[in-house]
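Enquirer: Take a look at the following structure, please.
In this note's numbering, the protein residues as written are 102 to 358.
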């Protein structure tokens, strides 16, 4: 995309409102365009200036003390009395408690789902960005004996790196990605004219074990016997990516000591 096409997207990129494909395209363009990078920096500084501006009226400094004094002044006339509520009130309280519990459970489920969706977006964006910038791997090798040791010291875990060349999925290399504060190892495999990224990380969220379509790509997750989480991303159709997962999880990826 040209600078004229990218500039209208900078504000949405800054506000994290773009879909993963367009956002990855903007990031790839910024890596090579100093003019658009300076414009993004100017937008960022403008946002910081507005955030520092006194647009809101501050609460009185003694507001908390005023509230405490008012609470302390309340009469304690009812202290020690046992208050009995009508039965219908008790039922209402029980219903309210049930609703609150359901809400808490729903909130927790929603948070986990949001984390999973966020990771799915990050993985898809990484897949697109790597191909837009030509940075598919930092270590290029078809040997698991080269790729697996390369991650030592770069991530705090040891991902499985099976050799699947005989099954039609040759290893091409690997790189390190970071999704927020979470480091991830990225393994790159080939399949005819296609490529597959396998992202590996230690802590959740776990990716869906059922095929997921995101921006025209297929994602497929699983948890390895090593306790690590894996998700494969590719433009391959779901059945072929499921075959890749079957081969990946069915091969002993441990290296001889």
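For every residue, glycine included, the Cβ atom is placed at its ideal position computed from N, Cα and C.
Since we're looking at a predicted model, the values are computed, not measured.
What residue from 285, 244, 122 has the CA that sits closest to residue 267's CA?
Expert: Answer by Cα proximity: 244.
Enquirer: Taking 6 Å as the limit between beta carbons, can you name the residues of its chain near residue 122, skipping five residues before and five after?
Expert: Contacts found: 229, 316.
Enquirer: Could you pull the DSSP bridge partners for residue 252 from this structure?
Expert: Looking at the DSSP assignment, residue 252 forms no beta bridge with any residue, so it has no partner.
Enquirer: Taking the straight line between their C-alpha atoms, what separation do you get for residue 300 and residue 109?
Expert: Going from the Cα of residue 300 to the Cα of residue 109 covers about 32 Å.
Enquirer: Taking all protein chains shown into account, do 16 or more other C-beta atoms lie within 10 angstroms of the C-beta of residue 314, making it buried, or fewer, making it exposed?
Expert: The residue in question, residue 314, is exposed, as its Cβ has fewer than 16 Cβ neighbours within 10 Å.
Enquirer: According to the Cβ coordinates, are residue 278 and residue 227 closer than 8 Å?
Expert: Yes, these two residues count as a Cβ contact at 8 Å.
Enquirer: Name the residue from 330, 231, 257, 239 whose alpha carbon lies nearest to the alpha carbon of residue 129.
Expert: Residue 231 is the option with its Cα nearest to residue 129.
Enquirer: Quick one: is residue 114 buried, meaning 16 or more other Cβ sit within 10 Å of its Cβ, or exposed?
Expert: Label assigned to residue 114: buried.
Enquirer: What residues are listed by DSSP as bridge partners for residue 280?
Expert: 283, per the DSSP bridge assignment.
Enquirer: Taking C-alpha atoms, which residue in 269, 246, 150 lies nearest to residue 262?
Expert: Nearest C-alpha to residue 262: 246.
Enquirer: Within its chain, find whatever has a CB closer than 8 Å to the CB of residue 342; leave out the 5 residues flanking it on each side and keep chain order.
Expert: Correct list, in chain order: 297, 312, 319, 321, 333, 335.
Enquirer: Span of the beta strand (DSSP E) holding residue 314?
Expert: Taken as a continuous stretch (DSSP letters only), the beta strand (DSSP E) holding residue 314 covers 313-315.
Enquirer: Strictly by DSSP, which residues pair up with residue 133?
Expert: BP columns for residue 133 are empty, so no partner.
Enquirer: How would you write the range of the beta strand (DSSP E) that residue 335 sits in, first residue to last?
Expert: Where residue 335 is concerned, the enclosing beta strand (DSSP E) stretches over 330-335.
Enquirer: Is it buried or exposed for residue 207, if we count other Cβ within 10 angstroms and need 16 for buried?
Expert: Residue placement at residue 207 cannot be trusted, given a pLDDT of 42 that sits under 50; what the coordinates show is reported in the next sentence. The residue in question, residue 207, is exposed, as its Cβ has fewer than 16 Cβ neighbours within 10 Å.
Enquirer: By Cβ distance, which residues of its chain are closer than 6 Å to residue 215, with the 5 residues on each side in sequence left out?
Expert: The predicted position of residue 215 is uncertain, since its pLDDT is 40 and thus under 50; a value taken from the coordinates is nonetheless stated next. Nothing meets the Cβ criterion.
Enquirer: I need the boundaries of the alpha helix (DSSP H) containing residue 350, first residue and last residue.
Expert: Element bounds for residue 350: 339-351.
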